[in-house]
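S.K.: Here it is, the structure in full.
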Amino acid sequence: MNTNFTQSLNLGMVGNCAYSALIDRQARVVWSCLPRFDGDPVFNGLLDNTDKGAWWAFELEDFERSEQAYEPNTAVLRTRLYDRKGQGIEITDFAPRFWNRGRMFRPLTLVRRVKVLQGAPRMRVQLRPRFDWGRQQPTVTQGSTHIRYVGGGQTLRVNCDAPISYVLSETFFVVDRAMNFIMGPDETLTGGIEDTARSFEQETVAYWRQWTRALALPLEWQDAVIRAAITLKLSLFEDTGAIVAAMTTSIPEAPGSGRNWDYRYCWLRDAFFVVRALNSISEVATMEEYLRWLMNIVSRSAGGHIQPLYGIGQEEQLPESILDHLPGYRGMGPVRVGNQAQEHFQYDVYGNIVLGAAQAFHDHRLFKKAGRAEFAQLEAVGEQAFRVYDQPDAGMWELRTRARVHTSSALMSWAACDRLSKVAAALGLPERIRYWRERADVIRARILKESWSEERQAFAESFGGRDLDASALLMAEVNMIDPNDSRFVATVDALEKSLCDGPYMRRYEAPDDFGKPETAFNICTFWRIDALARIGRKAQAREIFEVMLKSRNHLGLLSEDTHPVTGEMWGNFPQTYSMVGTINAAVRLSAPWDTVI
Numbered sequence: 001m002n003t004n005f006t007q008s009l010n011l012g013m014v015g016n017c018a019y020s021a022l023i024d025r026q027a028r029v030v031w032s033c034l035p036r037f038d039g040d041p042v043f044n045g046l047l048d049n050t051d052k053g054a055w056w057a058f059e060l061e062d063f064e065r066s067e068q069a070y071e072p073n074t075a076v077l078r079t080r081l082y083d084r085k086g087q088g089i090e091i092t093d094f095a096p097r098f099w100n101r102g103r104m105f106r107p108l109t110l111v112r113r114v115k116v117l118q119g120a121p122r123m124r125v126q127l128r129p130r131f132d133w134g135r136q137q138p139t140v141t142q143g144s145t146h147i148r149y150v151g152g153g154q155t156l157r158v159n160c161d162a163p164i165s166y167v168l169s170e171t172f173f174v175v176d177r178a179m180n181f182i183m184g185p186d187e188t189l190t191g192g193i194e195d196t197a198r199s200f201e202q203e204t205v206a207y208w209r210q211w212t213r214a215l216a217l218p219l220e221w222q223d224a225v226i227r228a229a230i231t232l233k234l235s236l237f238e239d240t241g242a243i244v245a246a247m248t249t250s251i252p253e254a255p256g257s258g259r260n261w262d263y264r265y266c267w268l269r270d271a272f273f274v275v276r277a278l279n280s281i282s283e284v285a286t287m288e289e290y291l292r293w294l295m296n297i298v299s300r301s302a303g304g305h306i307q308p309l310y311g312i313g314q315e316e317q318l319p320e321s322i323l324d325h326l327p328g329y330r331g332m333g334p335v336r337v338g339n340q341a342q343e344h345f346q347y348d349v350y351g352n353i354v355l356g357a358a359q360a361f362h363d364h365r366l367f368k369k370a371g372r373a374e375f376a377q378l379e380a381v382g383e384q385a386f387r388v389y390d391q392p393d394a395g396m397w398e399l400r401t402r403a404r405v406h407t408s409s410a411l412m413s414w415a416a417c418d419r420l421s422k423v424a425a426a427l428g429l430p431e432r433i434r435y436w437r438e439r440a441d442v443i444r445a446r447i448l449k450e451s452w453s454e455e456r457q458a459f460a461e462s463f464g465g466r467d468l469d470a471s472a473l474l475m476a477e478v479n480m481i482d483p484n485d486s487r488f489v490a491t492v493d494a495l496e497k498s499l500c501d502g503p504y505m506r507r508y509e510a511p512d513d514f515g516k517p518e519t520a521f522n523i524c525t526f527w528r529i530d531a532l533a534r535i536g537r538k539a540q541a542r543e544i545f546e547v548m549l550k551s552r553n554h555l556g557l558l559s560e561d562t563h564p565v566t567g568e569m570w571g572n573f574p575q576t577y578s579m580v581g582t583i584n585a586a587v588r589l590s591a592p593w594d595t596v597i
């Protein structure tokens, strides 16, 4: 058996805002959770590449090389595999997504189309789903043109026009014609297999091209922005409007670090950054979807405590456990399911809620513009932000054993009050403008006084602290301070000295529960790019941005972290934060369109 393939993050993602699949350079599906992003990984080869792992491969005999690229401006992935004689096949992978009968059609279906490029190559199909986190091998049944994989909780049906006997026995056979595989729920296809696959592909390509065409792109780095935007869109769980931070769990932040977390949930902080990045290129539909989910969370909190993250169906309880039977990415466990951060107090959450919703009060394009009812709900969030802005919390980096009054949390509480004042202006409520402006001013004065460290000549990570933290760069990004303020410029300089490895930037300098961070955190590098651009160091910002573009994988995707020495990607994948940074930097740094037209 061909097992123990090399695990890496040189992966492509296909999806349709209902589920996703990650596919490696040799067209193996190595990760796909069903029936939702946070569900059972029915293909788990990313965390288990032993003979107990689960993946779906088209293995070419005498394989020599591969090529892989997205169909331009779409979420349709094409992989070409060649053998030593130059014979080859092309695999097209996608999750159907298009308008049908007045609604968005996004079934839990993966379509894989195989065609011959040249010669008569031989391949075998390794189709090995498993259930219950790899513990359960499915019962397999077959029909004339389908195979059923039956588990305790779900059944998958693969309709295909390849020889069923060869697929089941994993026997090499000559690929002498095009073949189609449609994996989905245990339902009969209404049309022919090839006709259905071809029609789904044409409709899906057309959908994504139309979607991409509506983006307001910067002049430069358009392909990078398009790929980032599609990737962010695929992180939306459209059923509820939640946005997941990443598709994976337990990819270590650094080799053997034990910093292995489950990111398949909706962090209100990450979701705000996603919404803002997509808004900046005129994709406001994601914000509208997200606000449905967000206002549910706000409503149920009734002006009280709000968790930093929830499940994509609003689940509050996400108990964290370790799965000892899975070896983990490159054998680097532990594999965690759930996330203990749900128990944390992270007080920046209130600002992230108001920031995530603010544009809905000002944007005239929306189907459902926010009004006074939504403002009343957000005011309750603002009250909570003001109550807790100077209280110790776990901070945005989710420190598990240390609480302080974090500058970043106070900063977001300021942002909540500031944006509520601006929303009140849009709604014509002068008394509420004054009320929230006064509160914002109180918090701002405290931050400028208590976060400033004379010793370090920089804004520190906490009130009265001296340690430095990249999140101080957000002071300019959310417009709390003029970027040319000498204190902010000094902070940028201090952070470069203490947190940067060349172009890359770590999160903070103080050791945490696991020691000192080893890898660079991509979003921090992008915050630095933004800050440099704002303070007039655009040439330096562009240089660093070009390095980050080279840090992406061959398909233009980024994980959470980059190793500053090896340049390798680490951390969960694809990371929405990192893709957000790509869009923000391009929009901030691009030459304007009127320089060429």
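Going by the numbering used here, the residue at position 527 of the sequence shown is 527; the numbering climbs one at a time, nothing skipped. Cβ atoms here follow ideal geometry from the backbone N, Cα and C, with glycine treated the same way. Just so you know, these numbers come straight off a predicted model, no measurement behind them.
(1) Could you check if Ala95 belongs to the surroundings of the ligand FMN, using beta carbon to heavy atom distance under 7 Å?
(2) Which value, in whole angstroms, describes the spacing of the CA atoms of Leu156 and Pro129?
(3) Within the same chain, show all residues whose beta-carbon is closer than 7 Å to that of Arg466, passing over the 5 residues directly before and after it, in chain order.
(4) Using DSSP with H/G/I as helix, E/B as strand and the rest coil, what is Val405?
(5) Select from Leu189, Pro483, Met287 the residue whose C-alpha is nearest the C-alpha of Gln359.
(6) Which partner residues does Leu77 have in the DSSP bridge list?
(7) Under a three-way DSSP split, which group does Phe488 fall into?
(8) Just list the alpha helix (DSSP H) runs in the segment 509-568, keeping only unbroken ones of 4 residues or longer that don't cross its boundaries, in chain order.
(9) Grab the span of the beta strand (DSSP E) containing Gln142 for me, first residue to last.
(10) Classify Leu294: buried if its beta carbon has 16 or more other beta carbons within 10 angstroms, exposed otherwise.
(11) Going by alpha carbons, who is nearest to Leu291 out of Leu468, Leu318, Phe361?
(12) Is DSSP giving Ser462 helix, strand or coil here?
(13) What is the rounded straight-line gap between the Cα of Glu59 and the Cα of Arg372?
(14) Determine the direct distance from the alpha carbon of Ser413 to that of Gly333, and round the result to whole angstroms.
(15) So, do the segment 122-140 and the segment 25-45 have three or more beta carbon pairs nearer to each other than 8 Å?
(16) Take Ile481 and list the residues in its own chain whose beta-carbon comes closer than 7 Å to its own, dropping the five residues that flank it on each side.
(17) Taking Ser20 as the reference, give the member of Gly39, Leu499, Arg336, Ser280 with the closest Cα.
(18) When you compare only the Cα positions, how much space is there between Leu268 and Gly567?
(19) Could you tell me how far apart the beta carbons of Ala216 and Ser301 are, in whole angstroms, since I believe they sit closer than 8 Å?
(20) For Leu117 and Trp211, what's the separation of their Cα atoms in angstroms?
(21) Relative to the C-alpha of Ala394, which candidate in Gln346, Ile523, Phe463, Leu236 has its C-alpha closest?
(22) The alpha helix (DSSP H) that contains Arg112, what's its start and end?
(23) Excluding sequence positions up to five away, which residues of its chain have a Cβ less than 8 Å from the Cβ of Trp527?
(24) What is the rounded straight-line gap between the Cα of Val76 and the Cα of Ala541?
(25) Determine the contact status of Ile297 and Val274, defining contact as a CB-CB distance below 8 Å.
(26) With respect to the beta strand (DSSP E) encompassing Gly15, which residues constitute its N-terminal and C-terminal limits?
(27) Using 8 Å as the cut-off, can you tell me whether the segment 97-108 makes contact with the segment 201-211, which would need three or more C-beta pairs spanning the two stretches below that distance?
(28) Round the Cβ separation of Phe172 and Arg112 to the nearest angstrom and send it over; I've been treating them as touching at under 8 Å.
(29) Determine the direct distance from the alpha carbon of Val174 to that of Ser280, and round the result to whole angstroms.
(30) Could you tell me if Phe367 is buried or exposed, where buried requires 16 or more neighbouring beta carbons within 10 angstroms of its beta carbon?
(31) Any idea what DSSP makes of Leu156, helix, strand or coil?
(32) If you reduce the DSSP assignment to three classes, tell me which class Asn100 lands in.
(33) Enumerate, from N- to C-terminal direction, the unbroken alpha helix (DSSP H) stretches of 4 or more residues contained entirely within the segment 265-331.
(34) Excluding five sequence neighbours on each side, which residues of the same chain lie with their C-beta closer than 8 Å to the C-beta of Tyr350?
(35) So, under 8 Å CB-CB, Arg25 and Gln68 are touching, yes? Tell me the CB distance rounded to an integer number of Å.
(36) Under 7 Å Cβ to Cβ from Ile433, same chain only, skipping five residues before and after it: list those, please.
M.R.: Based on what the coordinates show:
(1) With respect to small molecules bound, the structure shown includes none, and the ligand FMN cannot be examined in it.
(2) One C-alpha to the other measures close to 9 Å.
(3) Ser453, Glu455, Arg456, Ala460
(4) coil
(5) Met287
(6) Tyr70, Asp93
(7) helix
(8) 522-534, 538-551
(9) 139-142
(10) buried
(11) Phe361
(12) strand
(13) Taking the straight line from one Cα to the other gives about 59 Å.
(14) 36 Å
(15) yes
(16) Met475, Phe488
(17) Minimum Cα distance to Ser20 is reached at Gly39.
(18) 29 Å
(19) Between Ser301 and Ala216 the Cβ distance is about 34 Å, and since that is not below 8 Å, they are no contact.
(20) So the two alpha carbons sit approximately 30 Å from each other.
(21) Gln346
(22) Element bounds for Arg112: not the alpha helix (DSSP H) but the beta strand (DSSP E), 110-118.
(23) Cβ within range, chain order: Ala470, Ser471, Leu473, Leu474, Glu477, Met505, Gly581.
(24) When rounded, the distance between both Cα atoms is 32 Å.
(25) no
(26) 11-15
(27) In the pairwise beta carbon analysis, the segment 97-108 is classified as touching the segment 201-211: at least three pairs are separated by under 8 Å.
(28) Rounded, the Cβ-Cβ distance is 18 Å, inconsistent with contact.
(29) 50 Å
(30) exposed
(31) When secondary structure is reduced to three states using DSSP, Leu156 falls in the strand class.
(32) strand
(33) 268-280, 285-301
(34) Ile306, Val381, Gly382, Gln384, Ala385, Val388, Met412, Ser413, Ala416
(35) 5 Å
(36) Ser421, Ala424, Ala425
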